[in-house]
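Q: Just passing along the structure, written as structure tokens.
2 protein chains.
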Amino acid sequence: MVVRRPAGPRVVSLGAMTERLVVVGGDASGASAASQAKRANPDGLDVVMLERGEWTSYSACGIPYWIAGDVTGPDELVARSPEEHRRAGIDVRMGTEATEIDLDARVVVARDGDGRTERLGFDHLVIGTGATPVRPNLPGVDHAGIYGVQTIRDGAAVIARLAAMDADRRTLEQAVVVGAGYIGVEMAEAMKRRGMEVTMLDRAPEPMTTLDPDMGCLVRKAMEGFGVRVLGGQLVDGFEADDGGWVRSVSASGTSYDADIVILGLGARPETTLAAEAGVDLGSSGGIRTDLRMAVTGQDQVFAVGDCVESYDRVSRSWVHVPLGTHANKQGRVAGINIGGGYATFPGIVGTAVSKVCDLEIARTGLAMAAADRAGFRYEVVTVESTTRAGYLPDPQPMTVKMLAELGAGRLLGAQIVGREGSAKRIDTCALALWNEMTVDELMQTDLSYAPPFSPVWDPVQTAARAVAAKLR
Amino acid sequence: MVVRRPAGPRVVSLGAMTERLVVVGGDASGASAASQAKRANPDGLDVVMLERGEWTSYSACGIPYWIAGDVTGPDELVARSPEEHRRAGIDVRMGTEATEIDLDARVVVARDGDGRTERLGFDHLVIGTGATPVRPNLPGVDHAGIYGVQTIRDGAAVIARLAAMDADRRTLEQAVVVGAGYIGVEMAEAMKRRGMEVTMLDRAPEPMTTLDPDMGCLVRKAMEGFGVRVLGGQLVDGFEADDGGWVRSVSASGTSYDADIVILGLGARPETTLAAEAGVDLGSSGGIRTDLRMAVTGQDQVFAVGDCVESYDRVSRSWVHVPLGTHANKQGRVAGINIGGGYATFPGIVGTAVSKVCDLEIARTGLAMAAADRAGFRYEVVTVESTTRAGYLPDPQPMTVKMLAELGAGRLLGAQIVGREGSAKRIDTCALALWNEMTVDELMQTDLSYAPPFSPVWDPVQTAARAVAAKLR
Chain A
306 MVVRRPAGPR VVSLGAMTER LVVVGGDASG ASAASQAKRA NPDGLDVVML ERGEWTSYSA
366 CGIPYWIAGD VTGPDELVAR SPEEHRRAGI DVRMGTEATE IDLDARVVVA RDGDGRTERL
426 GFDHLVIGTG ATPVRPNLPG VDHAGIYGVQ TIRDGAAVIA RLAAMDADRR TLEQAVVVGA
486 GYIGVEMAEA MKRRGMEVTM LDRAPEPMTT LDPDMGCLVR KAMEGFGVRV LGGQLVDGFE
546 ADDGGWVRSV SASGTSYDAD IVILGLGARP ETTLAAEAGV DLGSSGGIRT DLRMAVTGQD
606 QVFAVGDCVE SYDRVSRSWV HVPLGTHANK QGRVAGINIG GGYATFPGIV GTAVSKVCDL
666 EIARTGLAMA AADRAGFRYE VVTVESTTRA GYLPDPQPMT VKMLAELGAG RLLGAQIVGR
726 EGSAKRIDTC ALALWNEMTV DELMQTDLSY APPFSPVWDP VQTAARAVAA KLR
Chain B
306 MVVRRPAGPR VVSLGAMTER LVVVGGDASG ASAASQAKRA NPDGLDVVML ERGEWTSYSA
366 CGIPYWIAGD VTGPDELVAR SPEEHRRAGI DVRMGTEATE IDLDARVVVA RDGDGRTERL
426 GFDHLVIGTG ATPVRPNLPG VDHAGIYGVQ TIRDGAAVIA RLAAMDADRR TLEQAVVVGA
486 GYIGVEMAEA MKRRGMEVTM LDRAPEPMTT LDPDMGCLVR KAMEGFGVRV LGGQLVDGFE
546 ADDGGWVRSV SASGTSYDAD IVILGLGARP ETTLAAEAGV DLGSSGGIRT DLRMAVTGQD
606 QVFAVGDCVE SYDRVSRSWV HVPLGTHANK QGRVAGINIG GGYATFPGIV GTAVSKVCDL
666 EIARTGLAMA AADRAGFRYE VVTVESTTRA GYLPDPQPMT VKMLAELGAG RLLGAQIVGR
726 EGSAKRIDTC ALALWNEMTV DELMQTDLSY APPFSPVWDP VQTAARAVAA KLR
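If you read the sequences in order, they're chains A and B. Per the numbering used here, the first sequence runs over residues 306 to 778. Per the numbering used here, the second sequence runs over residues 306 to 778.
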């Protein structure tokens, strides 16, 4: 039963009266919100979750590992299946898409797999529509065999294509990856591990533009060492198909690259069509703008979470679109607590990300140089070489740390780490330093752990902080 | 030439007038102070460094790895040799011991290896006399073959003894380690890796009393799995020797344990004899008390650094003796900057430590339960099990995180981590949270890095923070 709320302050339903929460999207953020709200108010809240796909609560970040063969099937990537959500009391509607949100009438129109539509009234709404891989508007981009990698369905399509190629016993399989961001480099490695010849094309001179080019260069060299062809400065012109309509080559900057399969790793845009049509405010990044409680600006009990929203970046003091599972989970939890009658806020982000590619660990937080310039900061920057263990132990592995600190104040602005095993998680130390607006002078003096199997006596993060602090003086 | 300073505000020497800095102790802290001061004021400062041993600036933490065979010789442990210090302009006197400090006359009496003494006037003094392994006052403790492990000389003595045993072709070599702290467990592993039968005896029920017993239990099980016999609740009564005066057994709680070699891992006391005789203030921990600039209280231009001082613990708000190389290096640097005419302070510690024993990574920061009780805190505590990678990837390794948070305020009080590769350095995140007096509620929401090769989507530190925050509500 749906209880319509009168205008004015929200009235808490009593006794047998329940309110309805409709959640649009059953992936990380939406499902977190649904679970959290239901747990907080199991009797007073009737929760309906609409998911147009076939899976709920899954790790999209795991898809490259599934394609590489580390994970045997999509079910392993699922943290909570529809059946598990149902056992927790959530009315999960799979294969069901929300086609319209009417904020005035407080109704969501849902269409199921058979094309039947239903108007679902709501007291609380969560929009968790995620993000969509960028598909450039180029000739041939819709040929068969060209895949974005965002959902399990995308992953399954890639795997089906690879299996078909295997069945054909094609000997020299060529994969072209367009775009060299996180998904691009992870997918390039995955295809290489599947035994394919892999070419990665990117517009920028070096891969991973969330890093500065000198750090991206280290990634390129590791990938080249692993046998991936990495080509920067490439503008893709279009895609050609064979007679069957399957992609057979990619044309970029005047050269044609053979391709049995193409992966698009060009990032993802917030999927806000439904929200925008409903009149929900979008921010300048294109994501839905929310307040601290993840409530949509100017709306009553309408929340938005996950890859479709923009987040407050505490370092640049601007709103940015950063589609990551870690934010999605936290935002979903915050919305769910608020819907369940509690109070929670999402405090923003500092731009932390980590990846592992070809045995290289790659991490960043805060602002890289281009972003710091755009934000108007003036800063000093250092790059230091250190090791993952004391130099006198066997096999100390290299680790490079780059660090930016603001002129004058000496505040840490950002850090980038590229190195072998044991390097990357040190970025969390930098992330907390950014979070607390610490100076590099103070970071250098903090009580970080030390023992010979982990680093030289000055932790590499502190060596970098010390070097940039010295430069500031 | 020594310039005597008039009473009153310090006068900076000009032109050809130089001041003299005498540094007592040439290990990590003293040598850092000497180097930093000389670098800051190369022409105005005449630096004399007295070291009674044969090595300068070495990694004492590396000694167990040398004994285990990972490091071929003591020179590898040396970060900066006497000759390198001399090239930097420091007058290093090796094999030379300070026998007296006269603070009124501002003179240090130094005795060299031939027994000659010299009175060295000083304008600035650094006391870096280190710490001494605890030797219990028990029958037979001075037998040959019983070693503390604090200096390179100690390590060399152990290695010489092991070599002599090897030369005797003794088949069943028995090592007994007394004490199960960091040095004890590292030395137990080192002896085991040398092929010996190892028994570790400790008074406490579980090893590593800087951890809570439930976490120490995980360390015991790992060591037992590695073949080390770990016996808790053992009170050592004494040591028996053979006819040659070499130790042959350890008696503990009424049982005798055969021993060809005995390692004492009972911790270290600040070596303050010289300082105390000179009238320098000691704190309640037994270490030399200093101010923020590492200057000895009530003295002019007298500094103390490293394992002989006590440090301010920011969590318990008390002064504690924590002899670690990481603090020693930082404190030496701070003293050197101040002596060189600059300004720097040492901001204290939060009790961070890390170790790797038998493939287990062990880390702690802040207060364990007993220390939190002693400090008067009331708190909630949780222990969570997580993994070093996403559960769907091959070989996720276990990681246990224990966390304490204050009632009411919700402030983080301490964390302990025991797990396989990739676990321990996460303690630095907790250390920075303690440093900034963060609540567990905020820590749970911070922007830590996530990707499947590193953890589940909630980093184990944040899973623990979330669990203890929930318990506080």
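Where a beta carbon is used, it is the ideal one built from N, C-alpha and C, also for glycine.
Measure the alpha-carbon distance for V766 (chain B) versus T751 (chain B) and round it to whole angstroms.
A: Against the second sequence, residue 766 (chain B) aligns to sequence position 461. Against the second sequence, residue 751 (chain B) aligns to sequence position 446. Going from the Cα of V766 (chain B) to the Cα of T751 (chain B) covers about 11 angstroms.
Q: So for V625 (chain A), helix, strand or coil by DSSP?
A: Residue 625 (chain A) sits at position 320 when you count from the first residue of the first sequence. V625 (chain A): strand per DSSP, three-state reduction.
Q: Would you please verify whether the beta carbon of V316 (chain B) is less than 8 angstroms from any beta carbon of chain A?
A: Start at 1 with the first residue of the second sequence, and residue 316 (chain B) comes out as number 11. Summary for V316 (chain B): the model assigns pLDDT 42, below 50, so the residue's position carries little reliability; its value from the coordinates is reported in the next sentence. No, V316 (chain B) lies away from the interface with chain A (no Cβ there is under 8 angstroms from its Cβ).
Q: Within 8 angstroms (strictly less), CB to CB, does S590 (chain A) reach chain B?
A: For this step, residue 590 (chain A) is matched to residue 285 along the first sequence. Chain B, which has no Cβ nearer than 8 angstroms to the Cβ of S590 (chain A), makes this no.
Q: Would you report the Cα separation of R466 (chain A) and Y452 (chain A), rounded to the nearest angstrom?
A: For the purposes of this step, residue 466 (chain A) is identified with residue 161 of the first sequence, where counting begins at 1. For the purposes of this step, residue 452 (chain A) is identified with residue 147 of the first sequence, where counting begins at 1. Distance between the alpha carbons of R466 (chain A) and Y452 (chain A) is about 10 angstroms.
Q: Going by DSSP in three states, G313 (chain B) sits in which element: helix, strand or coil?
A: On the second sequence, position 8 is the one that residue 313 (chain B) refers to. Confidence is the limiting factor: at G313 (chain B) the pLDDT is only 42, short of 50, which leaves the residue's position unreliable, though a coordinate-based value still follows. Of the three classes helix, strand and coil, the one that applies to G313 (chain B) here is coil, per DSSP.
Q: Can you give me the C-alpha to C-alpha distance between S691 (chain B) and A436 (chain A), rounded to a whole angstrom?
A: Reading the second sequence from its first residue, position 386 is the one you call residue 691 (chain B). Reading the first sequence from its first residue, position 131 is the one you call residue 436 (chain A). Each residue's Cα considered, the two are about 29 angstroms apart.
Q: Pick out the complete alpha helix (DSSP H) segments inside the segment 354–400 of chain A, 4 residues or longer, and give them in chain order.
A: 368–373 and 387–392
Q: So which residues of chain B does G367 (chain A) contact, with C-beta pairs closer than 9 angstroms?
A: Position 62 of the first sequence, counted from the start, is the residue given in the question as residue 367 (chain A). In chain order: A695, Y697, L698 and P757.
Q: Am I right that A633 (chain B) and G611 (chain B) are in contact with their C-beta atoms under 8 angstroms? What's the rounded C-beta distance?
A: The sequence position of residue 633 (chain B) within the second sequence is 328, counting from 1. The sequence position of residue 611 (chain B) within the second sequence is 306, counting from 1. Going by Cβ atoms, the distance from A633 (chain B) to G611 (chain B) rounds to 4 angstroms, so yes, they are a contact pair.
Q: Out of A:A573, A:D542, A:A546 and A:I722, point me to the one whose CA is closest to S558 (chain A)'s CA.
A: For the purposes of this step, residue 558 (chain A) is taken as the residue at position 253 of the first sequence. Nearest of A:A573, A:D542, A:A546 and A:I722 to S558 (chain A), Cα basis: A:D542.
Q: What are the start and end residues of the alpha helix (DSSP H) that includes R344 (chain A)?
A: Position 39 of the first sequence, counted from the first residue, corresponds to residue 344 (chain A). That run of the alpha helix (DSSP H) goes A333 to A345.
Q: Between V431 (chain A) and G532 (chain A), is the Cβ-Cβ spacing less than 8 angstroms?
A: The residue given as residue 431 (chain A) occupies position 126 in the first sequence. The residue given as residue 532 (chain A) occupies position 227 in the first sequence. It is not a contact, given that the beta carbons lie outside the stated cut-off.
Q: Answer with buried or exposed for N346 (chain A), where buried requires no fewer than 16 other C-beta atoms within 10 angstroms of its C-beta.
A: Here residue 346 (chain A) is taken as the residue at index 41 of the first sequence, counted from 1. Burial call: buried.
Q: Which residue from B:V352, B:L629, B:S337 and B:V686 puts its Cα closest to that of R771 (chain B)?
A: The residue you call residue 771 (chain B) lines up with position 466 of the second sequence. With distances taken between Cα atoms, R771 (chain B) lies closest to B:V686.
Q: For my contact list, Q606 (chain A) and H429 (chain A) are in at a C-beta cut-off of 8 angstroms; report their separation, rounded to the angstrom.
A: Start at 1 with the first residue of the first sequence, and residue 606 (chain A) comes out as number 301. Start at 1 with the first residue of the first sequence, and residue 429 (chain A) comes out as number 124. Right, their Cβ atoms sit about 5 angstroms apart.
Q: Which residues, in chain order, does the segment 344–378 of chain B contribute to contact with chain A at a C-beta distance below 7 angstroms?
A: S364, C366, G367, Y370, D375 and V376
Q: Give the range of the beta strand (DSSP E) segment to which Q479 (chain A) is assigned.
A: Here residue 479 (chain A) refers to the residue found at position 174 of the first sequence. Q479 to V483 is the span of the beta strand (DSSP E), which, as asked, contains Q479 (chain A).
Q: Looking at the secondary structure, which residues open and close the beta strand (DSSP E) in which G719 (chain A) lies?
A: In the first sequence, residue 719 (chain A) corresponds to position 414, counting from 1. Segment L717 to G724, the beta strand (DSSP E) holding G719 (chain A).
Q: List the residues of chain A whose Cβ lies closer than 7 angstroms to the Cβ of G630 (chain B), in chain order.
A: The residue you call residue 630 (chain B) lines up with position 325 of the second sequence. Under the 7 angstroms cutoff, chain A gives Y755 and V762.
Q: Heavy atom of the ligand MG less than 7 angstroms from the Cβ of A338 (chain A), yes or no?
A: Among the ligands in the structure shown, none appear at all, so the ligand MG cannot be discussed.
Q: Measure the Cβ-Cβ separation of V585 (chain A) and D618 (chain A) and say whether it is below 8 angstroms.
A: Locating residue 585 (chain A) in the first sequence gives position 280, where the first residue counts as 1. Locating residue 618 (chain A) in the first sequence gives position 313, where the first residue counts as 1. Their beta carbons are not under 8 angstroms apart, which means V585 (chain A) does not touch D618 (chain A) by this criterion.
Q: If you run the structure through DSSP and keep just helix, strand and coil, what is V307 (chain A)?
A: In the first sequence, the residue the question calls residue 307 (chain A) occupies position 2. For V307 (chain A), the predicted model reports a pLDDT of 44, less than 50, meaning its position is unreliable; a value from the coordinates is still stated below. Here V307 (chain A) sits in coil by DSSP.
Q: Are at least three pairs of beta-carbons, each pair with one atom in the segment 708–728 of chain A and one in the segment 666–680 of chain A, less than 8 angstroms apart?
A: yes
Q: Out of curiosity, what's the CA-to-CA distance linking T744 (chain A) and G715 (chain A)?
A: Residue mapping note: residue 744 (chain A) aligns to position 439 of the first sequence, counting from 1. Residue mapping note: residue 715 (chain A) aligns to position 410 of the first sequence, counting from 1. When rounded, the distance between both Cα atoms is 5 angstroms.
Q: Using the C-alpha atoms, what's the distance from V627 (chain A) back to R609 (chain B)?
A: Position 304 of the second sequence, counting from 1, holds the residue named residue 609 (chain B). Position 322 of the first sequence, counting from 1, holds the residue named residue 627 (chain A). For the record, residue 609 (chain B) in the displayed sequence is Ala; it is not Arg. If you take the alpha carbons of A609 (chain B) and V627 (chain A), they lie about 49 angstroms apart.
Q: Could you tell me if Y755 (chain A) is buried or exposed, where buried requires 16 or more neighbouring beta carbons within 10 angstroms of its beta carbon?
A: Here residue 755 (chain A) corresponds to residue number 450 of the first sequence, with the count starting at 1. Label assigned to Y755 (chain A): buried.
Q: Can you find a CB in chain A that lies within less than 8 angstroms of the CB of V307 (chain B)?
A: Here residue 307 (chain B) is taken as the residue at index 2 of the second sequence, counted from 1. Residue placement at V307 (chain B) cannot be trusted, given a pLDDT of 44 that sits under 50; what the coordinates show is reported in the next sentence. Chain A contact via Cβ: absent.
Q: Note the first and the last residue of the continuous alpha helix (DSSP H) segment covering R771 (chain B).
A: Here the question's residue 771 (chain B) lines up with position 466 in the second sequence. Residue range P765 to L777 is occupied by the alpha helix (DSSP H) that includes R771 (chain B).
Q: Check whether the segment 505–523 of chain A touches the segment 397–414 of chain A, counting contact only when three or more Cβ pairs, one atom from each stretch, lie closer than 8 angstroms.
A: no
Q: Does the beta carbon of V463 (chain A) come closer than 8 angstroms to any beta carbon on chain B?
A: In the first sequence, residue 463 (chain A) corresponds to position 158, counting from 1. By this cut-off, V463 (chain A) is not an interface position.
Q: Would you give the residue range spanned by the beta strand (DSSP E) that I432 (chain A) belongs to?
A: Counting from one through the first sequence, the residue named residue 432 (chain A) turns up at place 127. Element bounds for I432 (chain A): H429 to I432.
Q: Just how far apart, CA to CA, sit D459 (chain A) and A485 (chain A)?
A: Here residue 459 (chain A) refers to the residue found at position 154 when the first sequence is read from its first residue. Here residue 485 (chain A) refers to the residue found at position 180 when the first sequence is read from its first residue. Those two C-alpha atoms are separated by around 18 angstroms.
Q: With three or more C-beta pairs closer than 8 angstroms as the rule, is the segment 536–552 of chain A touching the segment 443–451 of chain A?
A: Enough Cβ pairs lie closer than 8 angstroms, so yes.
Q: Since I568 (chain A) sits in a beta bridge, which residues does DSSP pair it with?
A: Counting from 1 along the first sequence, the entry for residue 568 (chain A) is found at position 263. According to DSSP, which records beta bridges pairwise, I568 (chain A) is partnered with A:Y452 and A:V482.
Q: Output needed for R315 (chain A): all residues of its chain with C-beta closer than 8 angstroms, excluding positions within five of it in sequence on either side, in chain order.
A: Here the question's residue 315 (chain A) lines up with position 10 in the first sequence. Note on R315 (chain A): pLDDT 45, under 50, position unreliable in the model; no value is reported.
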